[in-house]
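Enquirer:
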Amino acid sequence: MRLRDKITKAQRPVVVYEILPPRIIDGTIESYAERISTLLSQTHVDAINIPEVRAEETRGVRPVEEVIRAEPREFGRLLQESVGIETIVNRVTVHENAKEQEKWFVTTYEKFGVKNLILVGGESSDIDYPGPSIIESASIIGGINKEKGRDVFFGGICIPSRKVESSRMMQKARNGVEFFTTQVLYDGSDICKMLGHYSKECLDKGVDAKRVLLSFAPISNQKNIEFLKWLGVNIPIETEDYLLENLEETKARSIEVSIGIMEEILEYVSENNISVPLGLNIEHIMTYNFKTSVELLQKMSKRYRIYCMNSSPIAK
Numbered sequence: 001m002r003l004r005d006k007i008t009k010a011q012r013p014v015v016v017y018e019i020l021p022p023r024i025i026d027g028t029i030e031s032y033a034e035r036i037s038t039l040l041s042q043t044h045v046d047a048i049n050i051p052e053v054r055a056e057e058t059r060g061v062r063p064v065e066e067v068i069r070a071e072p073r074e075f076g077r078l079l080q081e082s083v084g085i086e087t088i089v090n091r092v093t094v095h096e097n098a099k100e101q102e103k104w105f106v107t108t109y110e111k112f113g114v115k116n117l118i119l120v121g122g123e124s125s126d127i128d129y130p131g132p133s134i135i136e137s138a139s140i141i142g143g144i145n146k147e148k149g150r151d152v153f154f155g156g157i158c159i160p161s162r163k164v165e166s167s168r169m170m171q172k173a174r175n176g177v178e179f180f181t182t183q184v185l186y187d188g189s190d191i192c193k194m195l196g197h198y199s200k201e202c203l204d205k206g207v208d209a210k211r212v213l214l215s216f217a218p219i220s221n222q223k224n225i226e227f228l229k230w231l232g233v234n235i236p237i238e239t240e241d242y243l244l245e246n247l248e249e250t251k252a253r254s255i256e257v258s259i260g261i262m263e264e265i266l267e268y269v270s271e272n273n274i275s276v277p278l279g280l281n282i283e284h285i286m287t288y289n290f291k292t293s294v295e296l297l298q299k300m301s302k303r304y305r306i307y308c309m310n311s312s313p314i315a316k
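Sequential numbering of the sequence shown, starting at 1, is according to this note's numbering.
Below you can see the structure in the form of structure tokens.
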């Protein structure tokens, strides 16, 4: 079954693993792909999500050194061909004009064979970017699919802490966005509110809610926390204190906290009859967290799949 069919079939569980493209200094992307082979031998994953790393100029000083990484589409093609798993490539749409973006979308599909995308907007609404918005990019892809007979499948990002985010999601969905991924979650309150509002808006409008992939990542040190905060992730002070109270336990505690937040979300969805299909997107944030992220993936995936088997109407 294709990834697009898994995501759009509300009752089916979906688990995605997000991994950064390899650093150029690490050698060939072929050797890096072995990590994915190891991952797939340990647990089931429906797709590999590959972010596009861009300089975040408006966020201030980056707490982690920026490095040059391999082309995400080339990495995606390699994984599809050598590992045999579908990939999702993220695309920040606002930095090149509409014509260049259209060319990028077509090339991604025809040359690299990557059919699944996540459209990412700009850092700030106060900046006048040269490129198209998410809605405009969605329209471009819609034209490609119609005029060229392609079947590009694409999602978007949702930020639970942002005001009226559910209305933004509704607008994006009306324009072709088929699923959403959240920021990394270290607090359950905002995401529960967002899911509740989104579910109600979909019900009021008589439309089916799009799937939301809940993102989680392990933390191993203070630098990880600083980086996540720099990216805009909300980490309550009490959670931060707990994670850093004993550095030898930070990794294990981050797994514990992440599982607790996921279970809080799943319980909220069940108890309040929230009609939003959910999925998981597990990240590693830093390369040295890969092993811990696999442990997180295994533990969360097991609990999530049990939830799906026992739940209705989201999954059985």
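We treat Cβ as the ideally placed atom computed from N, Cα and C, and that holds for glycine. Being a predicted model, the structure only gives us computed values, none of them experimental.
Kindly indicate which three-state DSSP category residue 110 falls into: helix, strand or coil?
Expert: Helix, per DSSP.
Enquirer: Mind the definition here: the region 173-182 touches the region 125-141 only if three or more C-beta pairs lie below 8 angstroms; say whether that holds.
Expert: Contact between the region 173-182 and the region 125-141 is present, because at least three Cβ pairs lie under 8 angstroms.
Enquirer: Please go through the same chain and pick out, in chain order, the residues whose beta-carbon is closer than 7 angstroms to the beta-carbon of residue 152, but skip the five residues on each side of it.
Expert: Only 105, 109, 115, 117, 141, 144, 145 meet the Cβ criterion.
Enquirer: Under the assumption that residue 286 contacts residue 234 (Cβ atoms under 8 angstroms), give the Cβ distance between them as a whole number of angstroms.
Expert: Incorrect: roughly 19 angstroms between the Cβ atoms, too far for contact.
Enquirer: Take residue 132 as the anchor and find which of 148, 91, 46 has the nearest alpha-carbon.
Expert: The candidate whose alpha carbon is nearest that of residue 132 is 91.
Enquirer: What ranges does the alpha helix (DSSP H) occupy inside the region 199-265, keeping only unbroken runs of at least 4 residues that lie completely in it?
Expert: Counting only runs of 4 or more, we get 222-230, 237-244.
Enquirer: Would the beta-carbon of residue 318 fall within 7 angstroms of that of residue 254?
Expert: Given a span of 1 to 316 for the chain in the structure shown, any question on residue 318 remains unanswerable.
Enquirer: Alpha carbons only, please: which of 86, 184, 51, 43 is nearest the one belonging to residue 230?
Expert: Ranking the options by Cα distance to residue 230, first place goes to 184.
Enquirer: Quick check on the DSSP output: what are the complete alpha helix (DSSP H) runs of length 4 or more inside the region 113-175, in order along the chain?
Expert: As far as the region 113-175 is concerned, its whole alpha helix (DSSP H) runs of at least 4 residues are 134-147, 165-174.
Enquirer: Pop quiz: residue 164 and residue 122 are said to be a contact at Cβ under 8 angstroms. What is the actual Cβ separation, rounded to whole angstroms?
Expert: The pair is not a contact, with the Cβ atoms about 18 angstroms apart (cut-off 8 angstroms).
Enquirer: How long is the line joining the alpha carbons of residue 276 and residue 172, rounded to whole angstroms?
Expert: If I take the Cα positions, the gap works out to 15 angstroms.
Enquirer: Need the endpoints of the alpha helix (DSSP H) that residue 185 sits in, please.
Expert: That residue, residue 185, is in no alpha helix (DSSP H); it is neither H nor E in DSSP.
Enquirer: In this structure, does DSSP put residue 2 in helix, strand or coil?
Expert: Looking at residue 2 - three-state DSSP - the assignment turns out to be coil, as it is neither helix nor strand.
Enquirer: Just verifying my parser: in three-state terms, what is the DSSP assignment at residue 87?
Expert: Residue 87: strand per DSSP, three-state reduction.
Enquirer: Using the C-alpha atoms, what's the distance from residue 36 back to residue 309?
Expert: Spanning the two alpha carbons is a distance of roughly 27 angstroms.
Enquirer: According to DSSP, simplified to helix, strand and coil, what is residue 30?
Expert: It is helical.
Enquirer: Would you tell me roughly how many angstroms separate the C-alpha atoms of residue 50 and residue 302, rounded to the nearest one?
Expert: Going by the C-alpha atoms only, they are around 23 angstroms apart.
Enquirer: Measuring straight from C-alpha to C-alpha, what distance separates residue 214 and residue 268?
Expert: When rounded, the distance between both Cα atoms is 14 angstroms.
Enquirer: Closest to residue 86 by C-alpha separation, out of 191, 6, 13, would be which residue?
Expert: For the residues 191, 6, 13, the minimum Cα distance to residue 86 belongs to 6.
Enquirer: In angstroms, rounded to a whole number, what distance separates the CA positions of residue 65 and residue 288?
Expert: One C-alpha to the other measures close to 14 angstroms.
Enquirer: How long is the line joining the alpha carbons of residue 247 and residue 130, rounded to whole angstroms?
Expert: In a straight line, the C-alpha of residue 247 is about 44 angstroms away from that of residue 130.
Enquirer: Going by the DSSP bridge assignment, what does residue 280 pair with across the sheet?
Expert: Answer is 15, 214, bridged to residue 280.
Enquirer: With DSSP as the reference, please indicate the residues paired to residue 179 in a beta bridge.
Expert: DSSP output for residue 179 lists 211 as bridge partner(s).
Enquirer: Assign residue 44 to one of two classes, buried (16 or more other C-beta atoms within 10 Å of its C-beta) or exposed (fewer than that).
Expert: So residue 44 ends up on the exposed side.
Enquirer: Are residue 39 and residue 294 touching if we call contact CB-CB under 7 angstroms?
Expert: It is a contact, given that the beta carbons lie within the stated cut-off.
Enquirer: Name, in chain order, the residues that DSSP records as bridge partners for residue 48.
Expert: DSSP, once it has assigned bridges, lists 17, 87 as partnering residue 48.
Enquirer: Is the beta carbon of residue 127 closer than 7 angstroms to that of residue 79?
Expert: Against a cut-off of 7 angstroms, the Cβ pair of residue 127 and residue 79 comes out as no contact.
Enquirer: Among residues of its own chain, excluding the 5 on either side of residue 73, which ones have a beta-carbon nearer than 6 angstroms to its beta-carbon?
Expert: Contacts found: 89, 108, 112, 114.
Enquirer: Please state if the CB of residue 236 and the CB of residue 190 are separated by a distance shorter than 7 angstroms.
Expert: Result no, Cβ atoms of residue 190 and residue 236 do not sit closer than 7 angstroms.
Enquirer: Measuring straight from C-alpha to C-alpha, what distance separates residue 180 and residue 18?
Expert: C-alpha separation (whole angstroms): 14 angstroms.
Enquirer: So which of 186, 167, 241, 227 has the shortest CA-CA distance to residue 209?
Expert: Closest by alpha carbon: 167.
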